[in-house]
């Protein structure tokens, strides 16, 4: 294929260049540096400190005893740096003699802020945090996993980074999570962030299951135990390195690497057993009035038989059959990590075998990842990674689904209860003839097999010229199945009762080549410049083949070819993106920095003749606390950095959106069926990417000897050339409306993160982490077209949030006249996106062995459409609030059920237009996580012969408690997969999880 050959040619050229450079490298006399790193306050050793030789590729980590060893260090005076998150970086000078070992020890002080931390993602040139004009957030996976009940990457990000909002589609195990970074800025394109693993763009996003909110998620393929850290690019930092496809943000996942120079290998084993439950949920009962037929002595209805006509009876099918159960989780992870003199190696195996809270709900994942790094010399090193995964996700039917558990149960009627001999062929309290066995027999599964690989070469022929080459691929193959078994009980209706099997085979390939070069020049003692330049090529190909077989002789032979009727189809898309980048970074005295950059992008979505997309960026950073005039304030503010950045990003349309296409169609004029064509997509030759311009400004500050750190960021992102479907007359014959660049969207807010080391004594440590963010999301222009529906009860209205929930609002309730007056037009009722989110985490460590942690988070000022309640009260009436005239006050009863009349002329208004009572405030506070971890004391480990170097046991809980006035099961779930919906419609709530975990290090 052309896109693969293009990547291959680039890789071959790069490999030749790197090998040529390495062969020319000259070996100079070398020595060794070794030493120990301890905490300045407690004098205890610090592990996982990165010890690096400044200006070279040489680096080594400290072990559990704080010891390190740097080999092959050139003789002479050298600078050695020690860096670790949570500590202030330290740099010392050592003199190395050839053939000998030089001792160099470090004492490091805790610091909630570290401006010398190296940022990998979204940076070029000087990668120190203080040199970056835009904020790149970082999450250290190991620090979270050691305490929190984490089973997927979404758990790692949940309530950890301000401005990053996550929302589960449902409480089903393995279902999708929606991620938004600084709001939503597109209507027709994805608002999900782009995902990279070790510099390689991977396949991301949600895969529909054909059952409303129940959806699969490629994010669930990733094993958190393989991850070292996650970096999140939220704003202008994405402009230069990620370009016209990064307007929704970038998530860079950095996997665990080997530890070259450590001289040993360490093994870890994590075994976890957990349960999940929705027993806290008070499942609504169904109600019905008894009729003359159901109260008769010969009636087969056990609820009404012998009672009076009109009596109100109730039933709860889910509780009656025990549909919900306690789910189980079994996780095992094994890792080995270490290295020798000039190489490192890491291997991780993980398995997650879980059953959900419903019978046909399960998630099984198997991961294997290996990373190797080789330091050829002080100028050249390689990192190679390979990840394999197999995931089988089985989702039960739910949400807006006539075959679903909640649909079948919560819409069933007690009037159909049956204890007669033919009860199995009746509804028996369920909706239609779909009882437990019928719903449980539906089989929906996605089986994914995935290979992700990467290779990175870092080559520094001189101290002033560095080169990084990255190449890799992500290949996913899916088999998606929806099977309805053959049955004689008329469970599903029509031909489906003869058995139906629909399968889709899907291939997703993505190839990445990335080159980044940097030339560093020192101008005297005060000035430094970094000139960065690079190229990025990303090629994507998606294929799918689908087939359906209906009518089987037996369920044992349900292959599609065995069906009496078969149909099929398929298709593919291919897209290539090229980006050329350049950036100049000027530094003055290593405390004042200016960045100017530009990226030029081309995308095959627009054809060969389309112009390039130019993305400029400018920013600055000032470590003002390092200025001499700041010293009088340093007693109060130890560290202060000011930063600001402006950049342009974008989002390219999907392949083919700009093209005029035809769709195949058959015709028969002469008695012979031939292949023909009809009009398809009208296309738009002038279609451009959506362009996002973003400004952010903020500060990083440290107080009380840097025991308190604060990051404050203001951002304002404006999306122009918003891609919207422009209506055209149906008589033109196209099957879709053309896309055009018409509108604009604004996202604006403030993000705050606070980290506090409240106490740091030998036997007591207390850490507090808090974050909050605001969001103003506004559709500022529709480009002259009329407002239109946008997800559920949402609408695209200028001056409102994207997808703002609308209804004809209640003006007055007149109990005496028995009527409710409502507005004549649809008006905004509630926000789709919360305007305020906050979280706080407390971690208390006692006697160095017992660690207690809790995470509390909240979302405010948003609405949820409670369609479950609306449907049960106004459509298929099953609620006692409607059937019992005394259950609600008269005014509230009218407000919900009407009759409704127009405020203009008193004409009747249907209840479907007057849904305001069912658009509820979704505000909540949730105790998200609670855990206690006990580290087994070292003296007990020594009694095991020192083979076990560390052990711990953790008891953790997730979704512990919810405080909310929302009347539904859970304000966080969403029954619709669309980006602009927040709806509860027969959706399973988030389960409460409990986990017992054992960790061993040896």
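Residue numbers (this note's numbering): 3 to 1004.
Where is the CB? At the ideal position from N, CA and C, for every residue including glycine.
Q) Does the region 822-842 come close enough to the region 772-786 to have 3 or more Cβ pairs within less than 8 angstroms? A) In short, these stretches touch, since the Cβ pair count reaches three.
Q) What number of angstroms, rounded off, separates the C-alpha of residue 393 from the C-alpha of residue 638? A) Taking the first residue of the chain shown as position 1, residue 393 is located at position 391. Taking the first residue of the chain shown as position 1, residue 638 is located at position 636. Their backbone Cα atoms lie some 52 angstroms apart in a straight line.
**Q.** Proximity winner among 996, 986, 243, relative to residue 403 (alpha-carbon distances)
**A.** Position 401 of the chain shown, counted from the start, is the residue given in the question as residue 403. With distances taken between Cα atoms, residue 403 lies closest to 986.
**Q.** Cβ-Cβ separation, residue 333 to residue 357 (assumed contact under 8 angstroms), whole Å
**A.** Position 355 of the chain shown, counted from the start, is the residue given in the question as residue 357. Position 331 of the chain shown, counted from the start, is the residue given in the question as residue 333. Cβ atoms of residue 357 and residue 333 stay farther apart than 8 angstroms, at about 13 angstroms.
(Q) Suppose contacts are defined by Cβ-Cβ distances below 9 angstroms. Is residue 151 in contact with residue 997 by that definition? (A) Translated into the one-based positions of the chain shown, residue 151 becomes position 149. Translated into the one-based positions of the chain shown, residue 997 becomes position 995. Their beta carbons are under 9 angstroms apart, which means residue 151 touches residue 997 by this criterion.
Q) Going along the chain, which residues of its own chain have a beta-carbon closer than 6 angstroms to the beta-carbon of residue 551, five neighbours each way excluded? A) Walking along the chain shown from the start, residue 551 turns up at place 549. The beta carbon of residue 551 lies closer than 6 angstroms to those of 503, 562, 565, 568 in the same chain, with the five residues before and after it left out.
Q: Within 10 angstroms of the Cβ of residue 675, are there 16 or more other Cβ atoms? Answer buried if so, exposed if not.
A: For the purposes of this step, residue 675 is taken as residue 673 along the chain shown, with counting starting at 1. By the 10 Å Cβ count, residue 675 comes out exposed.
Q) Cβ of residue 261 within 9 angstroms of Cβ of residue 459? A) Against the chain shown, residue 261 aligns to sequence position 259. Against the chain shown, residue 459 aligns to sequence position 457. No.
Q. Between residue 483 and the rest of its own chain, which residues show a CB-CB distance below 6 angstroms, the 5 nearest in sequence each way excluded?
A. Walking along the chain shown from the start, residue 483 turns up at place 481. Answer for residue 483: 447, 505, listed in chain order.
Q: Starting from the N-terminal side, write out each stretch of the beta strand (DSSP E) that is 3 residues or longer and does not extend beyond the region 853-890.
A: Counting only runs of 3 or more, we get 865-868.
Q: Can you check the region 894-923 for any beta strand (DSSP E) of at least 3 residues that lies completely inside it and give the ranges in chain order?
A: Segments of the beta strand (DSSP E) lying fully in the region 894-923: 902-904, 921-923.
Q) Taking the alpha-carbon positions, what's the residue 258 to residue 703 distance? A) In the chain shown, residue 258 corresponds to position 256, counting from 1. In the chain shown, residue 703 corresponds to position 701, counting from 1. If I take the Cα positions, the gap works out to 30 angstroms.
Q: Find out if the Cβ-Cβ distance for the pair residue 854, residue 933 is shorter than 9 angstroms.
A: By 1-based counting over the chain shown, the position of residue 854 is 852. By 1-based counting over the chain shown, the position of residue 933 is 931. Contact flag set, yes.
Q) From this set, 284, 489, 600, which residue's C-alpha is nearest residue 651's C-alpha? A) What you label residue 651 is simply residue 649 of the chain shown in a count that begins at 1. Nearest option by C-alpha distance: 600.
Q: Find out if the Cβ-Cβ distance for the pair residue 202, residue 141 is shorter than 9 angstroms.
A: Counted from its first residue, the chain shown places residue 202 at position 200. Counted from its first residue, the chain shown places residue 141 at position 139. No, the Cβ-Cβ distance between residue 202 and residue 141 is not below 9 angstroms.
Q: Whole angstroms is fine: what's the gap from residue 2's alpha carbon to residue 591's?
A: Missing from the structure shown is residue 2; the chain here goes from 3 to 1004 and no further.
Q: Could you tell me if residue 866 is buried or exposed, where buried requires 16 or more neighbouring beta carbons within 10 angstroms of its beta carbon?
A: Walking along the chain shown from the start, residue 866 turns up at place 864. With 16 or more Cβ atoms within 10 Å of its Cβ, residue 866 is classed as buried.
**Q.** For residue 56, the three-state DSSP class (helix, strand or coil)
**A.** In the chain shown, residue 56 corresponds to position 54, counting from 1. Collapsing the DSSP output to three states places residue 56 in coil.
Q | Close-in-space but distant-in-sequence residues of the same chain around residue 938 (CB under 6 angstroms, 5 per side omitted) | A | Walking along the chain shown from the start, residue 938 turns up at place 936. Cβ within range, chain order: 953.
Q | Buried/exposed call for residue 1, threshold 16 Cβ in 10 Å | A | One cannot answer for residue 1 here, as it falls past the ends of the chain, which runs 3 to 1004.
Q. Nearest CA to the CA of residue 602: which residue from 97, 162, 618?
A. Position 600 of the chain shown, counted from the first residue, corresponds to residue 602. Selected option, being the one with the closest Cα: 618.
Q: Please list, in chain order, all residues of the same chain as residue 1004 whose beta carbon is under 7 angstroms from its beta carbon, the five residues on each side excluded.
A: As a position in the chain shown, residue 1004 is number 1002, starting the count at 1. Same-chain partners within the cutoff: 269, 949, 950, 951.
Q.
Within the continuous beta strand (DSSP E) that includes residue 411, where are the two ends?
A. Position 409 of the chain shown holds residue 411. Residue 411 -> not in any beta strand (DSSP E); alpha helix (DSSP H) instead, spanning 407-412.
Q.
Less than 9 angstroms between the beta carbons of residue 181 and residue 158, yes or no?
A. As a first step, residue 181 must be located in the chain shown, where it is residue number 179. As a first step, residue 158 must be located in the chain shown, where it is residue number 156. Judged by their CB atoms, residue 181 and residue 158 are not nearer to each other than the 9 angstroms cut-off.
Q: Between the Cα of residue 344 and those of 329, 217, 363, 376, spot the shortest distance and give me the residue it belongs to.
A: Position 342 of the chain shown holds residue 344. Shortest Cα-Cα distance from residue 344 to any of 329, 217, 363, 376 involves 376.
Q. Beta carbon of residue 635, beta carbon of residue 583: below 9 angstroms?
A. Numbered from 1 along the chain shown, position 633 holds the residue referred to as residue 635. Numbered from 1 along the chain shown, position 581 holds the residue referred to as residue 583. Not closer than 9 angstroms, so no.
**Q.** Candidates 964, 955, 873, 680, of which the one nearest residue 413 by Cα
**A.** Start at 1 with the first residue of the chain shown, and residue 413 comes out as number 411. The residue with the shortest Cα to Cα distance from residue 413 is 873.
Q. Would you call the region 806-823 and the region 762-770 in contact, with 3 or more CB pairs under 8 angstroms?
A. These segments do not touch.
Q: Could you tell me how far apart the beta carbons of residue 319 and residue 362 are, in whole angstroms, since I believe they sit closer than 8 angstroms?
A: Translated into positions along the chain shown, residue 319 becomes position 317. Translated into positions along the chain shown, residue 362 becomes position 360. Their Cβ separation, rounded to whole angstroms, is 16 angstroms, which puts residue 319 and residue 362 out of contact at 8 angstroms.
Q | residue 474 - DSSP class collapsed to helix/strand/coil | A | Working through the chain shown from its first residue, we reach residue 474 at position 472. Shown here, residue 474 sits in a strand according to DSSP, grouped into three states.
Q.
Considering only heavy atoms of the ligand FAD, does any lie closer than 8 angstroms to the CB of residue 161?
A. Absence of the ligand FAD is noted for the structure shown, with no ligands found whatsoever.
Q) Could you give the distance in angstroms between the alpha-carbon of residue 507 and the alpha-carbon of residue 480? A) Translated into positions along the chain shown, residue 507 becomes position 505. Translated into positions along the chain shown, residue 480 becomes position 478. Cα to Cα, residue 507 sits roughly 6 angstroms from residue 480.
Q. With C-beta atoms as the reference, is residue 209 less than 9 angstroms away from residue 178?
A. Stepping through the chain shown from its first residue, residue 209 is reached at position 207. Stepping through the chain shown from its first residue, residue 178 is reached at position 176. Against a cut-off of 9 angstroms, the Cβ pair of residue 178 and residue 209 comes out as a contact.
Q. Considering only the beta carbon of each residue, do residue 990 and residue 173 sit closer than 9 angstroms?
A. Residue 990 sits at position 988 when you count from the first residue of the chain shown. Residue 173 sits at position 171 when you count from the first residue of the chain shown. Yes. Within cutoff.
Q: Would you be able to state if there are at least three C-beta pairs under 8 angstroms between the region 910-923 and the region 797-814?
A: Enough Cβ pairs lie closer than 8 angstroms, so yes.
Q) From which residue to which residue does the alpha helix (DSSP H) around residue 2 run? A) Because the chain here runs from 3 to 1004, residue 2 falls outside it and cannot be looked at.
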